[in-house]
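Participant: Quick one: the structure is below, questions incoming.
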Amino acid sequence: MKAPALEFHRPDTVQAALAILAEGDGAARVLAGGQSLVPMLNLRVAFAETLVDIGAIQELAAIEDAGNHVRLGASVSHARIEDGQTGDYFGGMLGHVAGNIAYRAIRNRGTIGGSLAHADPAADWPVAMIALGANVEIAGSNGSRKLPVDEFMVDVFTTALQEDEILTAICIPKASPKLRWSFQKMRKKAGAFGEAIAAAVHDPESGLCRVVAGSSAIGGPQRFTLLETALQDGDVDDDAIRDAVTRTIGSLGRYETQIHTVCLRRAIEEVRT
Amino acid sequence: MTTLSLTVNGRQVSTEIDPRLNLADFLRERLSLKGTHLGCEHGACGACTVLMDGMPIRSCITMAASCDGVEITTVEGYDDNKLMSRLRRAFREEHALQCGYCTPGMLATAYDIVSRLDRADENEIRAALAGCVCRCTGYRGIVRAIERCIAEKNA
Amino acid sequence: MTIKETGVGASILRREDARFLEGRGRFIGDIEIPGMSDVAFLRSPLAHARIASIDTPDDVADRVFTAADLSDVKLVAPASKVPRHRIVAAPPIASDRTRYVGEIVAACIAPTRAEAEDLVEMLAPDFEMLPVIASMDDALSEDGPRLYDDWDSNVSMETGFDSGIDEIIAKAPVKVTRVLDMARQAMVPLEGKGVLAYWSERDDQLVVYSSTQSPHQIRTALCQALELQQRQIRVIAPDVGGGFGYKAILHSEEVIVAALALKTGRPLRWLEDRFEHLTAGANAREHRYEMTAYADQRGRVLAIDAKLTTDGVAYSVWPHTNGFDAIQASGILTGPYDIGGYRVRTQTVVTNKPPLSPYRAVARPGACFAIECTMDAVARAVGRDPAEVRLDNLVKPEAMPYKAITGKEYDSGDYPACLRRAMEMVADAPQTPAPGRLLGTGYAVYTEHTAVSTSTISHIGIPMMPGFEQAAALMQPDGSLELRVGVQSHGQGMETTMAQIASQVLGIEPERVILRHGDTGLSPFSTGTYASRAVVMTGGAVAAACDKIAVKLREIAAHLMQCETANVRLEEGLLKGPSATMMIAEAAETWHFRPYELPEDVLRDGLEVTGGYRPDGDKGPFAYAAHAATVSVDPELGTVELLDYVAVDDCGTRVNPMIVDGQVLGGVVQGIGTGLFEESPFDDQGQPLATTFADYSLPTAAETPMIRLDHSETLSPYTRFGVKGVGEGGAIAPPAAVVNAINDALRPLGAELCAVPASPKRVLGAIFDAQDRAKADLETTK
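Protein chains in written order, with this note's numbering: chain Z, 37 to 309; chain S, 240 to 394; chain U, 20 to 801.
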């Protein structure tokens, strides 16, 4: 269980990193905190001829209060978010989500940008960021672009990032103090990936109203628009949610349907009460 | 090969390394610091936990080459650090170790918990320990040792 | 310090802690031998395949070794006296056919492990897939494939016992049947297996460092494999990071590394990584119990009729074979109960899975799970409290020593008192569930044959014969003492407890005693550390050796004091004669450095002795315990939270109560793992599905409550100091206690779980079944 031979670069600017990626012609990979990538390299289930470690790029570690949104550099660690360094514009939701990812030692290295770019279907940040209506900033050799997180997450372990692009920042629109949120994560034990994750978010002031679930079983984060109306003004029961799960995801096993239904219902209930 | 300069246990180290090396293998094989143990090599068991700039990290899933300029503290590096001495005494008196394999990672984690949390009840300590597997002790002694050191800190 | 403070019964702090707390332990991976190379293995990606060819690039061929390179290595096959037990020993490297995913196909040698793994990736093996037997059901299917071409079925071993139960069955008013499944799991010592071997010219020996519990056993096996004399191999177990049975067997890698070290003349090392452990390493258990209990209206169990099927995998491990689980489980299935009738049939089948190894408490957690869940089912059937039904069925203290229907003799103890104490402790700490959660409490009681005796093993006939245990005691010139034992301490704290036993006998301070262990070059022969035997067997041998030393010291003192040896007493470390008192050190110093002060013929045979031990009548003492789990179940998600856990045990005299607590606590948490989390599933192609800790869940501090313990001490009449073993016991009862607690919680839903681990999926499955049954019932009544 040792990583294969590779080349290693640790540039200190985004431009330099992009240049190396371009040169790598698809065989170079960005290394952020490495908490998913390095285990996969050790297991030799992921490969990279070249690693481009973005840990030395100062600007990617910045947390910025940008007026109507908070801008998190891609290599801001989960632990910094857990410790409240983002400022609290989300009723404690960011700290809650961050603090329940894996373990502190992992959170000290693992980054929000790395989590989004890795696109593990069971990861927490994609669900939370879609729920909060966040956008990602992407830098490429041909300039930069911005995408909503739900468009950025394309599929299991697949994002909208091109081989020569880097995810540089996550911009989360500030919520009002009236924000109500719930983040339900059913897991086998502390620190484990969720078997089912559901987030419900409602901000009557901004109009943000989202219901999102994620897990390996459902192939990554999914918005449940069918339930978002119910979150605002309707009643929801298990049958309606089960129906929404089937209509959104397709047919799942009885166990999987049940745990996603329950997590979604609990999330919605918590926000509504 | 790639160049690496960092501080390990207070000592400046500058050397050429195979860039594929992870930090744990660098510490163990290149610096002969064998107190950092490998239990899973995928970041899940906690045995390899060391402090990087004072924060616990998994050395098995941290590339050594990513550690340029940082300060690493391994179980061999605490000298007469007061908190670590208290933790060691508490671990011994609470029978918080048996085979000793998880102990270096447990100590680094315990050091972080006691330093970071001024108040923590049993459940919070247990939650904070969730990333460290001990296959021998049943955790009771470890939890008690940490409880005790937090209490001593506030005394 | 008095003996009371340092001897048997004192909770002194551990001698071994300091080195581990400072990172100065010395584990197999820490040892560096100049010129050492690392080994990595090419392993079969398929569960059943013919090896058509292995293409090796020419420029690396001298660093790659296949079965053909080990053709002169002899197969080390275990033996069995069980009639018609078909045993197949694993070849160290597969030659033409692989029978499980992870089976070794080639070994690659390089200066570092990473480079050795690079070599593995350069090999291009060609496999032809064969039909896979992935489960016990596959193995038993009439028209399915056979694992061995010359076998008429996939059944490796069948055993049976019948006390004659037909009459009892005919009269019993209550009949309860359950099918209970215990999943396959991995053992997961936190340090993986490892081996390092090199030829030492000066010693004319192959030196083998191995992360093993049983150095002499491994030496015996390697001598057979390599056709060397025992004197030509020295096996050293350094600090070992947990064993739990995984390190009590011979591993193919030990044979390969030793053979290749001889062949290449190079020091070679292999360190198991976690992926190898979870996929290719031996795993444990996987039992199916079909239990029928016959009882009276009050739940007094009159007879048990059982069928046990175990997954006996592709090959038999050395020395235990693949039949050990079934033999042990069927021999203890009536548990701590006074049951008058017992019939059992066992069937061990072969499948395309990695080796099966005895894991902490071996088959006892399975047997306990089977009888204890059945006991709860009986209580439900007669509408009584399960704990009360147990009290009626437990062997009574006045019946001790009690001869069980299985032939085992339970030596001593008060089982009902033990259970009542657990019930009191549960009552003392009532739990409240969170809203929407269901609360339940479950019990499990067991009795465990510790320090398993020669007669027990000899009738099975496997090459692991406990026999006499030996210990050497070497009195040093300054009165300090060196003890040498052949067992290996890997967490049990023997460096402390054996010093306490010496302190008890000789009165010397534990700080003046050192224990050397786990090294065939230093220690007397021992079959090693397993079966909760060290404190009984090695403790007894250490005491016997110290007895001999005591006589010799008294003899020296008598000469110096000019009195009869009989008139010299050894008390609190002092040699006391009628008119003088002398320190042990003075006597030792005199014999070593001033022999001219003693008559010429005193102590010709010196102050270094070997003591031997075996319990009276070759009887292994029975330790016992009652456990109680209290859980909160989320009936919508199937998640289980353990709110409280109580364990009341009796292991006779506790040499070091602190260490006993540690053994019980650690065992309980492993048992909680078996009960709630740990599982090594395989798909229908024999592919392992839990290959990392992301899929293989271990219990951590967050999943376990502050376990509450209590003890009683019923001395064994057969052992030195009245001790009984305690290393394994904690792991026996939790799966049963946890599932009984869950079923207590699920009672309002009419659901019952009959399998471990009790994962959310299994718990919800039990609830779904109950819902479906209720729905079906409703439809029938319509």
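All residues carry an ideal CB built from backbone N, CA and C; glycine is no exception.
Do three or more CB pairs link the stretch 670-684 of chain U to the stretch 374-393 of chain S at distances below 8 Å?
Facilitator: Enough Cβ pairs lie closer than 8 Å, so yes.
Participant: Determine, for U:F46, whether the minimum Cβ-Cβ distance to residues of chain Z falls below 8 Å.
Facilitator: Chain Z contact via Cβ: absent.
Participant: Can you tell me whether DSSP reads U:V704 as helix, strand or coil?
Facilitator: A quick correction: the sequence has Gln, not Val, at residue 704 of chain U. Coil.
Participant: Apply the 10 Å Cβ neighbour rule to S:L326 and answer buried if 16 or more other Cβ atoms are within range, or exposed otherwise.
Facilitator: Buried: at least 16 other Cβ atoms inside 10 Å.
Participant: In terms of residue numbering, what span does the beta strand (DSSP E) encompassing Z:G250 cover?
Facilitator: Looking at the DSSP string, the run of the beta strand (DSSP E) that includes Z:G250 is 244-250.
Participant: Taking the beta strand (DSSP E) that U:W610 falls in, what are its first and last residues?
Facilitator: Here U:W610 belongs to no beta strand (DSSP E); instead the alpha helix (DSSP H) covers 603-612.
Participant: Should Z:D38 be flagged as near chain U, meaning a C-beta pair shorter than 8 Å?
Facilitator: Correcting the residue identity first, residue 38 of chain Z is Lys in this sequence and not Asp. Z:K38 counts as touching chain U.
Participant: What span of residues does the beta strand (DSSP E) with U:V461 cover, start to end?
Facilitator: Reading off the sequence shown, one finds Gly at residue 461 of chain U, where the question assumed Val. Element bounds for U:G461: 457-468.
Participant: Tell me which residue opens and which closes the alpha helix (DSSP H) that S:K392 is part of.
Facilitator: From DSSP, the alpha helix (DSSP H) with S:K392 extends over 379-393.
Participant: Are the beta-carbon atoms belonging to Z:L22 and Z:G109 less than 8 Å from one another?
Facilitator: Residue 22 of chain Z falls outside the range modelled here, since chain Z spans only 37 to 309, and no answer is possible.
Participant: Note down the Cα distance separating Z:K214 from Z:T309, rounded to an integer number of angstroms.
Facilitator: Their Cα atoms are separated by approximately 13 Å.
Participant: What do you reckon, is the C-beta of S:V247 under 7 Å from a heavy atom of the ligand NAD?
Facilitator: Because no ligand of any kind appears in the structure shown, any question about the ligand NAD cannot be addressed here.
Participant: Assign U:W289 to one of three DSSP states: helix, strand, or coil.
Facilitator: Reduced to three states, the DSSP call for U:W289 is strand.
Participant: So if DSSP puts U:D200 in a beta bridge, which residue, or which two residues, is it bridged to?
Facilitator: Looking at the DSSP assignment, U:D200 forms a beta bridge with U:R307, U:A774.
Participant: Cβ of Z:K224 less than 8 Å from any chain U Cβ?
Facilitator: With 8 Å as the cut-off, Z:K224 counts as an interface residue toward chain U.
Participant: Counting pairs of beta carbons, one from the stretch 734-748 of chain U and one from the stretch 549-559 of chain U, are three or more of them closer than 8 Å?
Facilitator: Because the criterion of three Cβ pairs below 8 Å is met, the stretch 734-748 of chain U and the stretch 549-559 of chain U touch.
Participant: For Z:Q71 and chain S, any beta-carbon pair shorter than 8 Å?
Facilitator: It does; some Cβ of chain S falls within 8 Å.
Participant: Mind pulling the chain S residues with CB within less than 8 Å of Z:N78?
Facilitator: Chain S residues near Z:N78: N261, E280, H281, C299, I300.
Participant: Quick check on U:D57 - is its C-beta less than 8 Å from some C-beta in chain S?
Facilitator: U:D57 does not count as touching chain S.
Participant: Given 8 Å as the limit, is there contact between the stretch 411-425 of chain U and the stretch 714-721 of chain U, that is, 3 or more CB pairs closer than that?
Facilitator: Because the criterion of three Cβ pairs below 8 Å is not met, the stretch 411-425 of chain U and the stretch 714-721 of chain U do not touch.
Participant: Using only the alpha-carbon positions, how far apart do U:L65 and U:V120 sit?
Facilitator: In a straight line, the C-alpha of U:L65 is about 5 Å away from that of U:V120.
Participant: Is U:E722 helix, strand or coil when you go by DSSP?
Facilitator: Residue state, collapsed to three classes: helix.
Participant: U:R304 versus chain S: which residues are under 8 Å apart at the beta carbon?
Facilitator: Result: empty, since nearest Cβ-Cβ is about 16 Å, beyond 8 Å.
Participant: Interface residues of chain S around U:L717 at Cβ under 9 Å?
Facilitator: Residues of chain S passing the Cβ test: A283, C284, V372, R374.
Participant: In three-state DSSP terms, what is Z:L183?
Facilitator: Reduced to three states, the DSSP call for Z:L183 is strand.
Participant: Could you pull out every residue in the same chain whose Cβ sits closer than 8 Å to the Cβ of U:P449, ignoring the five residues on either side in sequence?
Facilitator: Nothing listed; no residue qualifies.
Participant: Buried or exposed: where does U:K571 fall if 16 or more other Cβ atoms within 10 Å of its Cβ makes it buried?
Facilitator: So U:K571 counts as buried.
Participant: How would you call U:A777, buried or exposed, if buried means at least 16 neighbouring beta carbons within 10 angstroms?
Facilitator: Buried, because 16 or more other Cβ atoms sit within 10 Å of the Cβ of U:A777.
Participant: Taking U:L493 as the reference, which of U:K212, U:E407, U:R238, U:R531 has the closest Cα?
Facilitator: The option with the nearest alpha carbon to U:L493 is U:R531.
Participant: First and last residue of the beta strand (DSSP E) that includes U:F60?
Facilitator: Its beta strand (DSSP E) spans residues 56-62.
Participant: Please state if the CB of U:T546 and the CB of U:H339 are separated by a distance shorter than 8 Å.
Facilitator: Result no, Cβ atoms of U:H339 and U:T546 do not sit closer than 8 Å.
Participant: So which residues on chain U does S:E255 lean against when the C-beta distance must stay under 8 Å?
Facilitator: By Cβ distance, chain U contributes nothing, its closest Cβ being about 15 Å from S:E255, past 8 Å.
Participant: Please confirm if the stretch 215-232 of chain U is in contact with the stretch 382-399 of chain U, defined as three or more CB-CB distances below 8 Å between the two stretches.
Facilitator: Touching, no, given that fewer than three Cβ pairs across the two stretches are closer than 8 Å.
Participant: At a CB distance below 8 Å, what residues from the stretch 766-793 of chain U approach chain Z? Give them in sequence order.
Facilitator: For the stretch 766-793 of chain U, which is checked against every Cβ of chain Z, the residues closer than 8 Å are S778, P779, K780, L783, G784, F787.
Participant: What do you reckon, are the CB atoms on U:I691 and U:E467 nearer than 8 Å?
Facilitator: Their beta carbons are not under 8 Å apart, which means U:I691 does not touch U:E467 by this criterion.
Participant: Cβ closer than 8 Å: which chain Z residues qualify as neighbours of S:S305?
Facilitator: Neighbours of S:S305 on chain Z, chain order: R46, L67, G70, D89, G91.
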